[in-house]
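End of the sequence shown sits at 231 in the working numbering; the numbers just go up one at a time, nothing left out.
Cβ atoms here follow ideal geometry from the backbone N, Cα and C, with glycine treated the same way.
So the structure is just underneath, and the comments pick up after that.
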Amino acid sequence: MSDATDVSPSLRRRLVALVVGVVTIALLACAAGLAWEWSASSGHRLAAEEAPDAPVAIVFGTELDPNGTPKPMLANRLETAAELYRAGKVRALLVSGDGEGNSGDEVTSMTRYLTRHGVPAAKIVADPHGLDSYDTCVRARDVYGVERALLVTQGFHLPRAVALCRHVGVDADGIRAACDRCSLQRLWRNRVREVPAAVKAAADALRNREPVVISPRESALDEALSS
Numbered sequence: 005m006s007d008a009t010d011v012s013p014s015l016r017r018r019l020v021a022l023v024v025g026v027v028t029i030a031l032l033a034c035a036a037g038l039a040w041e042w043s044a045s046s047g048h049r050l051a052a053e054e055a056p057d058a059p060v061a062i063v064f065g066t067e068l069d070p071n072g073t074p075k076p077m078l079a080n081r082l083e084t085a086a087e088l089y090r091a092g093k094v095r096a097l098l099v100s101g102d103g104e105g106n107s108g109d110e111v112t113s114m115t116r117y118l119t120r121h122g123v124p125a126a127k128i129v130a131d132p133h134g135l136d137s138y139d140t141c142v143r144a145r146d147v148y149g150v151e152r153a154l155l156v157t158q159g160f161h162l163p164r165a166v167a168l169c170r171h172v173g174v175d176a177d178g179i180r181a182a183c184d185r186c187s188l189q190r191l192w193r194n195r196v197r198e199v200p201a202a203v204k205a206a207a208d209a210l211r212n213r214e215p216v217v218i219s220p221r222e223s224a225l226d227e228a229l230s231s
């Protein structure tokens with residue numbers, strides 16, 4: 005009498021084929037997402053010393069230290085943005101992140117850091133509802149009226165950020181921030197994370213989804229640019 009748990013050879017082959025099919029589809033989706041990002045951002049990923057002029061620089065938020073201050077990755081983004089402002093490359097900064105993030109209020113911490121590094125508070129606008137890169141780009145366009153911007157983030161994130169902002173109609177150039185105080189483990193974890201993130205970004209762009217939080221048009225950035 006055969007064991008009830010035995011799997012017939014034909015069923016085993018079908019299961020293997022199913023797994024192979026699912027893995028193949030996942031790999032193709034990742035490859036397509038990454039290819040779209042790199043193609044769409046080609047020619048628009050620059051070092052800080054190559055930065056052209058733009059009205060505003062958008063700084064993408066990320067998690068904070070337990071004490072509420074920017075971790076090295078975010079600190080490097082903010083330092084790069086402050087340098088762009090001091091060099092006269094931009095006239096205002098839009099800091100975009102999660103105002104109620106798991107690690108704390110990202111945009112308040114970012115604003116505080118920038119003012120301590122010499123950027124006038126009147127030149128900083130905070131978007132507390134930039135819950136991901138796609139939302140940051142759409143809200144920059146719809147809520148703050150951004151048409152042209154420099155995007156400040158690390159190199160691993162730059163293709164996704166630039167591709168998304170350019171997709172939604174923002175004339176964006178990405179400026180590569182350093183990560184000289186970041187751990188090697190953190191860098192690799194973020195590089196690996198970019199693979200599935202590329203699939204989500206491409207899907208968001210393809211369906212032109214609305215941001216999680218929809219807000220009316222604000223004049224805060226207009227006032228920062230004119231002050």
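D226 by DSSP, collapsed to three states: which one? helix
Any idea which residues DSSP pairs D208 with across the strands? Its beta-bridge partners do not exist; DSSP assigns none.
Starting from I218, trace the alpha helix (DSSP H) in both directions and tell me its first and last residue. Element bounds for I218: n/a, residue is neither H nor E.
Rounded straight-line distance, which links the Cα of D208 to that of A167: 12 Å
Are A205 and S137 close, meaning C-beta to C-beta below 8 Å? yes
Range of the contiguous beta strand (DSSP E) that encloses R49: 49–51
Tell me the DSSP bridge mates of P74? L68
Cα separation between V217 and D146? 11 Å
For the alpha helix (DSSP H) containing L98, list its first residue and its last residue. No alpha helix (DSSP H) contains L98, which is instead part of the beta strand (DSSP E) from 96–100.
Would the stretch 101–117 count as touching the stretch 29–42 if we require 3 or more Cβ pairs under 8 Å? no
Do the CB positions of G173 and A165 come within less than 8 Å of each other? no
Can you tell me whether G37 is buried or exposed? The criterion is at least 16 other CB atoms within 10 Å of its CB, across all chains shown. buried
So, helix, strand or coil for D177, using DSSP? strand
Would you report the Cα separation of R180 and C186, rounded to the nearest angstrom? 14 Å
So, do the stretch 140–160 and the stretch 107–127 have three or more beta carbon pairs nearer to each other than 8 Å? no
Three-state class that DSSP yields for L146 in the structure shown: For the record, residue 146 in the displayed sequence is Asp; it is not Leu. Helix.
Starting from the C-beta of E67, find all residues in its chain whose C-beta is less than 6 Å away, skip the five residues before and the five after it, and write them out in chain order. S107
Starting from V156, trace the beta strand (DSSP E) in both directions and tell me its first and last residue. 152–158
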